[in-house]
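There are 4 protein chains.
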Amino acid sequence: MIRATIWGENVHEKESDIVAEIYPNGMHNCIADAVRGDGIEATAVTMDQPEHGLTEARLAETDVLVWWGHKAHGEVDDRVVERVSEAVWSGMGAIFLHSAHFSKPFKRLMGTPCNLSWREAGERERLWLTSRNHPIAAGLPDSFELEYEEMYGEPFGIPEPQETVFISWFQGGEVFRSGVTYKRGAGNVFYFRPGHETYPTYHDANVQTVIRNAVRWAYNPAARIAQPTHAPNVPVGNALEPLEERGPKLHKSGEEGYR
Amino acid sequence: MIRATIWGENVHEKESDIVAEIYPNGMHNCIADAVRGDGIEATAVTMDQPEHGLTEARLAETDVLVWWGHKAHGEVDDRVVERVSEAVWSGMGAIFLHSAHFSKPFKRLMGTPCNLSWREAGERERLWLTSRNHPIAAGLPDSFELEYEEMYGEPFGIPEPQETVFISWFQGGEVFRSGVTYKRGAGNVFYFRPGHETYPTYHDANVQTVIRNAVRWAYNPAARIAQPTHAPNVPVGNALEPLEERGPKLHKSGEEGYR
Amino acid sequence: MIRATIWGENVHEKESDIVAEIYPNGMHNCIADAVRGDGIEATAVTMDQPEHGLTEARLAETDVLVWWGHKAHGEVDDRVVERVSEAVWSGMGAIFLHSAHFSKPFKRLMGTPCNLSWREAGERERLWLTSRNHPIAAGLPDSFELEYEEMYGEPFGIPEPQETVFISWFQGGEVFRSGVTYKRGAGNVFYFRPGHETYPTYHDANVQTVIRNAVRWAYNPAARIAQPTHAPNVPVGNALEPLEERGPKLHKSGEEGYR
Amino acid sequence: MIRATIWGENVHEKESDIVAEIYPNGMHNCIADAVRGDGIEATAVTMDQPEHGLTEARLAETDVLVWWGHKAHGEVDDRVVERVSEAVWSGMGAIFLHSAHFSKPFKRLMGTPCNLSWREAGERERLWLTSRNHPIAAGLPDSFELEYEEMYGEPFGIPEPQETVFISWFQGGEVFRSGVTYKRGAGNVFYFRPGHETYPTYHDANVQTVIRNAVRWAYNPAARIAQPTHAPNVPVGNALEPLEERGPKLHKSGEEGYR
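Chains as they are written, first to last, in this note's numbering: chain A, 5 to 263; chain B, 5 to 263; chain C, 5 to 263; chain D, 5 to 263.
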């Protein structure tokens, strides 16, 4: 059983009638409902919970984290950002949706600005598959459309992806790398573009399929790495080949390194 | 003319007689001397200068930044780290040497722990070229040795490199990806492993050649990007294809996005 | 159930007493025995069978092909090489072992020389994991040793891997990228270095674990792509956006393109 | 001085009045004229010359080869294909234009089908930059248009690029990775999409800028590798670390390996 946690900012749903009407139970619950089943357990947490719902305990029980945020990026606690990053490095999968391109944990994991151009005009988006038979695209045709979406345009300020899975065409003339994969430490990371809060995108069957596939793809069944940032000293006596210490030294044997 | 700035922590040189003897003018000046010439201007700055020597003005006049730090990683001001990262994204080249794998700007740009195993035993290191005719390896044989070096061992907690240029063999039985390239925004990034402060590594001709080549490789002659993190709104009226606004909206036209 | 086919050249086993003694049932059967079980069906075919054992029918029923060849690379029929390549592009996984770096299908799929340096001296090899928690390394420690192996040394003439999973240390002073992944069309490809025929490498538990893991990793459950090299014409009338034909034409609508 | 050789198939120019009118001196000469100057020497050769104009001597004097072919892909001699591939592996740059996605040398270097979907309808193409400040995009805006072009659509059957530099938007609703970089051996490879023979694409200033930039980018000033496919045996006596031969052997010392 894969344990997915959907993180929702849950701000627009409370402030905008439009969003509340499309997602009466919140975007996070809509996404959780879409992902749940067929070997996936999905529950949602929200930013207003203690520690944004992402305590150490919760992350330890999360195989794949799905993140949607927008208006309150800046209010996310930096300690939670580091905790999420460490969980990814230790093997937790992470899926960032739409405006989460500017979320703190995504920017932290990418090491780049993650900027783009954008336009909110309810235009048509068509996603094209660029990697045939990729597990994230299982069950999908070569292209599918979203009649109403926000435009995100290139250049998209990300590192070169491990694999580009989808590229979007926009009615207004732009393109965008809409599905891209990364590995960060032992964790698989996927960014997926669609999902502006004023359109019913997370009710779309193809979008739901992508997210469900991505949860399966991102899942790493290996035990989580205990100390993903640890840099162990190897004492000379433990060297795998015969070795005699030589030359001047700064550190004592077994000492911690500098950080 | 390529303008290289060598950033030196300059702590060990003042605290350790061994290091002071090997690098009487500081490691940073030794590296600057090695890099200077043949179209490269090189000057050094140190951590104890105001803003660690890396003011906005200085970075604006730096084509390639070379970074050596170790003992005082934690004392580097986070504002300088962001400033350096933004300079890289805008097109400045960056070369991180040896213990700079744990420097704040390198970790910031990678988005990973950058950890490794290590041993200070004065053992032999042999660097093997893995990318023939790579510009960073110009003038070098397929392998070269450093008789006394600190060991760094895999697994090295970095993202998959754009290109792996060198891999090291260590006498004690380890291996390490010692020369790896990345692109972050418009900036070229190179990590190069050798350079423990208690050995005369930066006096080595092959090591000097690599760093000099890397400065040339990392140099991007294009004008620096003015606002490397900007995410511009494209008003509907400016769309490149005829477009009519539809559906509900959250933003007003031309409004700034959320961060 | 994953269906693995082990392809064995089966020449050394018949010509060399040393090899025959280590692998009395042939290297291919030793590998098949190691891979079989836990959801994997494994059978072996050999070069001396009609069409080298790799008929269209056989490939259609193969989820993952494991290839070991050495002495008779040049005798492999080019039609079989193309057939194997097409099967990979259509989604079949492929694992190339040791001297298969110079096999025709591996070189065909890489597009590079795949050359290296080598030495047959029964020296110690130690493989280091470079990608923690990679599924191909499941159940393995950070490093493991083979006391007797042939040396393969860098530079290794491969394209930059999608991911580098293992790097080898050799007693005689060389290093080598020993486990590397690629995607070719819809097919996952893995190269794994160990396995010189005069040593008992394929009886080693860690080596067997790697190959078994790699079979699982390479398996793509999606239906095979029917025509993996097809380049379909999209008639103007079928365009997804309203489109009017303009300008001079070379092709008639629906015509096949040139190859 | 960079020596560029433009290879033209030169068939359509002789068979089609439309093409002859747009390119009265042949497409190859139009491209050569566009590339020449500012440190680049450019000359054209054509398929109808002996050895298709690509003798060993000619390739030895070519720093960067630019390839345009379409109708006669199948007529290119396989020996010339191997010769071109070896030149690339030894360090020659190579740029493949438009329908050269299906040329023998490009497919040979990629190891994949290189297929795509297509439509000849004179539609609008807009190329977007995906890698800001990339040297191949020097002097170009974030996007530029070609009013009349053939459509090429994803999925494009290429290996994941080292870097994606351009992505195209098409009026009929498709997208395409239009500028992609690779390294094959010591050679830099660039594929650039535009250039259907019935439109005046190679007279376009932006297209000319891209090709000129790409020639500079692909140029490797290092001396060509003499035997790019050679796999040298390292005799035990030449090992860089003390090594004693052990165990059974198949090869005599210094013997050639099998191919």
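Where a beta carbon is used, it is the ideal one built from N, C-alpha and C, also for glycine.
As the structure is a computational prediction, the values presented were derived from the model and not from experiment.
Chain B contact for residue i (CB, 8 Å cutoff)
i              : result
I229 (chain D) : yes
F164 (chain C) : In the sequence as presented, Phe is not what sits at residue 164 (chain C); that position holds Glu. Yes, E164 (chain C) counts as interfacial toward chain B.
R197 (chain A) : no
H56 (chain A)  : no
Cβ-based neighbour list, residue i, same chain, cut-off 6 Å, excluding 5 preceding and 5 following
i              : result
T168 (chain A) : T134, R181 and V184
R123 (chain A) : M155
V80 (chain B)  : K108
G126 (chain B) : Y152
W132 (chain C) : S147 and I171
Reduced DSSP category for residue i - H, G, I as helix; E, B as strand; rest coil
i              : result
S89 (chain D)  : helix
A243 (chain C) : coil
R220 (chain C) : helix
M31 (chain B)  : helix
G57 (chain D)  : helix
G267 (chain C) : The structure shown does not extend to residue 267 (chain C), since chain C is modelled only from 5 to 263, so the question has no answer here.
A227 (chain B) : coil
Y195 (chain A) : strand
R250 (chain D) : coil
E65 (chain B)  : coil
S103 (chain B) : helix
A141 (chain C) : helix
Y186 (chain B) : strand
E259 (chain D) : coil
S135 (chain D) : coil
E13 (chain D)  : coil
Residue i at chain A interface by Cβ criterion, 8 Å
i              : result
I171 (chain D) : yes
F194 (chain B) : no
Cross-chain neighbours of residue i in chain A, by beta carbon under 9 Å
i              : result
E178 (chain D) : R130, W132, S147 and W173
P159 (chain D) : W132, L133, T134, S135, R136 and D146
A142 (chain C) : P225 and A226
Within chain B, partners of residue i - CB distance below 7 Å
i              : result
N137 (chain D) : G95, A190, N224, A226 and I229
Below-8 Å beta-carbon distance, residue i vs any chain C residue
i              : result
L63 (chain D)  : no
A24 (chain A)  : no
M114 (chain D) : yes
A243 (chain A) : no
N217 (chain D) : no
F100 (chain D) : no
V240 (chain D) : yes
Neighbour flag for residue i against chain D, beta carbons, 8 Å
i              : result
S20 (chain C)  : yes
R83 (chain C)  : no
V70 (chain C)  : no
R123 (chain C) : yes
Interface partners of residue i on chain B, CB under 8 Å
i              : result
H234 (chain A) : N119
R250 (chain A) : A125, G126, E127 and Y152
R263 (chain A) : H77, G78 and F106
8 Å CB neighbourhood of residue i in its chain, flanking five on each side removed
i              : result
D42 (chain C)  : R216
V179 (chain D) : G157, E158, I171, S172 and W173
E60 (chain A)  : R87
Within chain C, the residues that residue i reaches when beta carbons sit closer than 8 Å
i              : result
P28 (chain D)  : None at all; the shortest Cβ gap to chain C is about 15 Å.
R181 (chain B) : T134, T168 and I171
Own chain partners of residue i with C-beta closer than 7 Å, once the 5 adjacent residues on each side are dropped
i              : result
V23 (chain C)  : H16, E17, E201 and T202
A36 (chain D)  : I10, A46, T47 and A48
H4 (chain D)   : What is shown of chain D runs 5 to 263, which leaves residue 4 (chain D) out entirely.
T213 (chain C) : G143 and L144
Contacts of residue i in chain A (Cβ-Cβ under 7 Å)
i              : result
H32 (chain B)  : Residues of chain A passing the Cβ test: none, with the nearest at roughly 17 Å.
N237 (chain B) : W122 and R123
Checklist entry - Which residues, taken in chain order from the stretch 200–211 of chain C, show a beta carbon closer than 9 Å to some beta carbon of chain E? => result No chain E is present in this structure, whose protein chains are A, B, C and D.
Checklist entry - Mind pulling the beta strand (DSSP E) runs of 3 or more residues that sit fully within the stretch 155–183 of chain C? => result 167–174
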